[in-house]
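Student: Protein chains in written order, with the working numbering: chain B, 1 to 110; chain G, 111 to 223. One structure, as structure tokens, below. Some questions next.
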Amino acid sequence: DAKTTQPNSMESNEEEPVHLPCNHSTISGTDYIHWYRQLPSQGPEYVIHGLTSNVNNRMASLAIAEDRKSSTLILHRATLRDAAVYYCILLNNAGNMLTFGGGTRLMVKP
Amino acid sequence: DAGVTQSPTHLIKTRGQQVTLRCSPISGHKSVSWYQQVLGQGPQFIFQYYEKEERGRGNFPDRFSARQFPNYSSELNVNALLLGDSALYLCASSLGLKDYEQYFGPGTRLTVT
Numbered sequence: 001d002a003k004t005t006q007p008n009s010m011e012s013n014e015e016e017p018v019h020l021p022c023n024h025s026t027i028s029g030t031d032y033i034h035w036y037r038q039l040p041s042q043g044p045e046y047v048i049h050g051l052t053s054n055v056n057n058r059m060a061s062l063a064i065a066e067d068r069k070s071s072t073l074i075l076h077r078a079t080l081r082d083a084a085v086y087y088c089i090l091l092n093n094a095g096n097m098l099t100f101g102g103g104t105r106l107m108v109k110p
Numbered sequence: 111d112a113g114v115t116q117s118p119t120h121l122i123k124t125r126g127q128q129v130t131l132r133c134s135p136i137s138g139h140k141s142v143s144w145y146q147q148v149l150g151q152g153p154q155f156i157f158q159y160y161e162k163e164e165r166g167r168g169n170f171p172d173r174f175s176a177r178q179f180p181n182y183s184s185e186l187n188v189n190a191l192l193l194g195d196s197a198l199y200l201c202a203s204s205l206g207l208k209d210y211e212q213y214f215g216p217g218t219r220l221t222v223t
């Protein structure tokens with residue numbers, strides 16, 4: 001399986017945008033880029049996914065590099081409730097078995 | 111609608127014992143997956159079941175087994191427990207086999223002493 005690389009941790013101020021990077025240089029053409037997050041003491045939660053084009057939903061935006069070797073999850077206005085571990089995951093169309101890495105722990109300061 | 115539910119919430123077992131964890135998916139969801147999350151790490155995939163058949167298996171020993179019932183609920187069994195089996199066991203459900211969005215339950219915290 002193609003691997004992803006994320007920073008271990010990031011800090012943000014409340015009400016400011018947050019850009020969470022993910023490198024996936026060995027991504028294949030059929031791999032979708034998924035983001036999940038895990039709030040403290042909860043199971044992971046789906047955030048967003050994309051293939052080639054940038055994507056927006058009510059939770060976040062996903063910006064995908066033109067060569068697809070990296071992507072960025074964008075939280076437009078961080079809140080204290082966004083403090084979580086964010087996982088970037090590659091998933092091909094053969095199934096939905098998620099392979100989690102270490103993720104990025106996002107800390108939001110008031 | 112209720113989300114994914116898991117029982118029990120917490121469990122303490124001793125080495126060598128056997129344990130059964132239970133999961134009820136969201137109504138209408140036919141796929142259930144199990145993950146193990148050791149403290150400080152990301153979840154690791156154990157099994158996926160769809161329409162009562164095993165559709166995927168992670169790199170776990172044969173001591174781990176699972177099944178899915180006609181109502182799509184699922185059980186995860188672990189035999190001959192080891193200290194290293196102490197973890198949060200997460201269940202996730204999705205509508206189908208390849209749906210991109212999985213819904214996770216709160217997990218069962220298993221402690222092996």
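Backbone N, C-alpha and C fix where the C-beta goes; we use that ideal spot for every residue, glycine too. As the structure is a prediction and not an experimental result, all values here were calculated from the model.
Scan the region 49–62 of chain B for residues whose Cβ lies nearer than 8 Å to a Cβ of chain G and list them as they occur along the chain.
Tutor: 49
Student: With a cut-off of 9 Å, does the C-beta of residue 97/B fall near any C-beta of chain G?
Tutor: yes
Student: Less than 9 Å between the beta carbons of residue 187/G and residue 176/G, yes or no?
Tutor: In this structure, residue 176/G lies closer than 9 Å to residue 187/G by Cβ.
Student: What are the partner residues of residue 83/G, as DSSP defines its beta bridges?
Tutor: One cannot answer for residue 83/G here, as it falls past the ends of chain G, which runs 111 to 223.
Student: Mind listing the chain B neighbours of residue 216/G? Cutoff is C-beta to C-beta under 7 Å, in chain order.
Tutor: 42, 43
Student: Mind reading off the beta-carbon distance from residue 174/B to residue 65/B? Whole number of angstroms is fine, and I expect it under 8 Å.
Tutor: This structure gives no information on residue 174/B, because the portion of chain B shown stretches from 1 to 110.
Student: For residue 193/G, which three-state DSSP category applies?
Tutor: helix
Student: Should residue 214/G be labelled buried (16 or more other beta-carbon atoms within 10 Å of its own) or exposed?
Tutor: By the neighbour-count rule (16 or more Cβ atoms within 10 Å), residue 214/G is buried.
Student: Please report the straight-line C-alpha distance between residue 80/B and residue 126/G, rounded to a whole angstrom.
Tutor: When rounded, the distance between both Cα atoms is 42 Å.
Student: With residue 85/B as the anchor, note down where its beta strand (DSSP E) starts and where it stops.
Tutor: Where residue 85/B is concerned, the enclosing beta strand (DSSP E) stretches over 84–91.
Student: How far does the beta strand (DSSP E) with residue 129/G in it reach, from first residue to last?
Tutor: Segment 129–134, the beta strand (DSSP E) holding residue 129/G.
Student: Taking only the alpha-carbon atoms, compute the straight-line gap between residue 25/B and residue 68/B and give it to the nearest angstrom.
Tutor: 8 Å
Student: Could you tell me how far apart the beta carbons of residue 183/G and residue 132/G are, in whole angstroms, since I believe they sit closer than 8 Å?
Tutor: At roughly 7 Å, the Cβ-Cβ gap stays under 8 Å, so residue 183/G and residue 132/G are in contact.
Student: Give the residues from the region 126–138 of chain G that approach chain B closer than 9 Å (Cβ to any Cβ), ordered along the chain.
Tutor: none
Student: Can you tell which of 117/G, 155/G, 174/G, 137/G has the C-alpha that lies nearest to the C-alpha of residue 143/G?
Tutor: 155/G
Student: Just to confirm, are residue 9/B and residue 104/B a CB contact at a threshold of 9 Å?
Tutor: yes
Student: Could you tell me which residues DSSP pairs with residue 17/B in its beta bridges?
Tutor: Beta-bridge pairing links residue 17/B to no other residue.
Student: Return helix, strand or coil for residue 207/G, following the three-state DSSP convention.
Tutor: coil
Student: Counting only C-beta atoms, is residue 174/G closer than 9 Å to chain B at any point?
Tutor: no
Student: Please return the same chain residues whose Cβ sits closer than 7 Å to the Cβ of residue 178/G, not counting the five positions on each side in sequence.
Tutor: So the list reads 142, 159, 162, 184, once near-sequence residues are dropped.
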